[in-house]
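Undergrad:
Residue numbers (the numbering used here): 91 to 330.
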């Protein structure tokens, strides 16, 4: 589904945001990408979404080699990928319905299909009663739900989320995480970037990749990897 082999991303010559990253996410995986600010999490998502090219290495999404993908093919690949941003990127003066429907309008879907699909995904995120509300009048948690509905409206096979709970309180954070779990249970591969390590243990069966200064320092089944990292941290503090 998503395969990175020895991927590098450099800005300004030899300043690497990603350095020799090899990582995979299979169909139906829930993959966390974690690490401190500046570790390369957002850069990694940008490469998967074709927002930026890798400097070196090989990156495949749904079997497509992005290094060989022509510019004309990028929009078609992006239709398979839904993206959720930390800052929502909604049209505040338009309604909830309009924000979600826009994704389908640009692909030329008929109006009847759009109306049915938008209401379907709004039910999924619990906003079906607010379809006519302006997005600027919603709470932060509600705006993030709109962003998630917009991301899944076109039935993507992959959903990328960049710090989707970074500005939300603990209760809303868990509600948003549960939405991503439901999306994943329906068969969509989810890649969620977060600095909040507490979220990682709340998704049974999830995988994780840990970035430090652009390098992948650990990857695998989340519970195992995080337990090993915690043990190493305790040991390094002289407790063991």
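For each residue, glycine too, the CB sits at the ideal point set by N, CA and C.
Small disclaimer: the values here were computed from a predicted structure and weren't measured.
Within the 9 Å Cβ cut-off, does residue 176 reach chain C?
TA: In the structure shown, chain C cannot be found, because there is only a single protein chain.
Undergrad: Just reading off the beta strand (DSSP E) that residue 65 is part of, what are its end residues?
TA: Lying before the first or after the last residue shown, residue 65 is absent from the chain, which here runs from 91 to 330.
Undergrad: In this structure, how does DSSP classify residue 296 when only helix, strand and coil are distinguished?
TA: coil
Undergrad: Quick check on the DSSP output: the beta strand (DSSP E) that includes residue 311 runs from which residue to which?
TA: 305-311
Undergrad: Could you give the first and the last residue of the continuous alpha helix (DSSP H) run that contains residue 191?
TA: 186-195
Undergrad: Closest to residue 176 by C-alpha separation, out of 300, 200, 131, would be which residue?
TA: Comparing Cα-Cα distances from residue 176 to each of 300, 200, 131, the minimum goes to 131.
Undergrad: Please confirm if the region 93-101 is in contact with the region 133-143, defined as three or more CB-CB distances below 8 Å between the two stretches.
TA: yes
Undergrad: Which complete beta strand (DSSP E) runs does the region 124-187 hold, if anything under 3 residues is left out?
TA: 146-151, 171-174
Undergrad: Between residue 237 and residue 180, which are expected to be in contact by the criterion C-beta below 8 Å, what is the C-beta distance as a whole number of angstroms?
TA: 6 Å
Undergrad: At what residues does the beta strand (DSSP E) containing residue 252 begin and finish?
TA: 248-252
Undergrad: Relative to the C-alpha of residue 245, which candidate in 229, 292, 193, 291 has its C-alpha closest?
TA: 193
Undergrad: If you run the structure through DSSP and keep just helix, strand and coil, what is residue 330?
TA: With a pLDDT of only 40 at residue 330, under the threshold of 50, the placement of this residue in the model should not be trusted; the figure read from the coordinates follows. DSSP places residue 330 in coil when its eight states are reduced to three.
Undergrad: Got a sec? Which residues, its chain only, sit under 8 Å from residue 242 by beta carbon, not counting five neighbours each side?
TA: Take residue 242, set aside five residues on each side of it, and the residues of its chain with a beta-carbon closer than 8 Å to its own are 172, 211, 214, 249, 273, 278, in chain order.
Undergrad: In angstroms, rounded to a whole number, what distance separates the CA positions of residue 190 and residue 307?
TA: 37 Å
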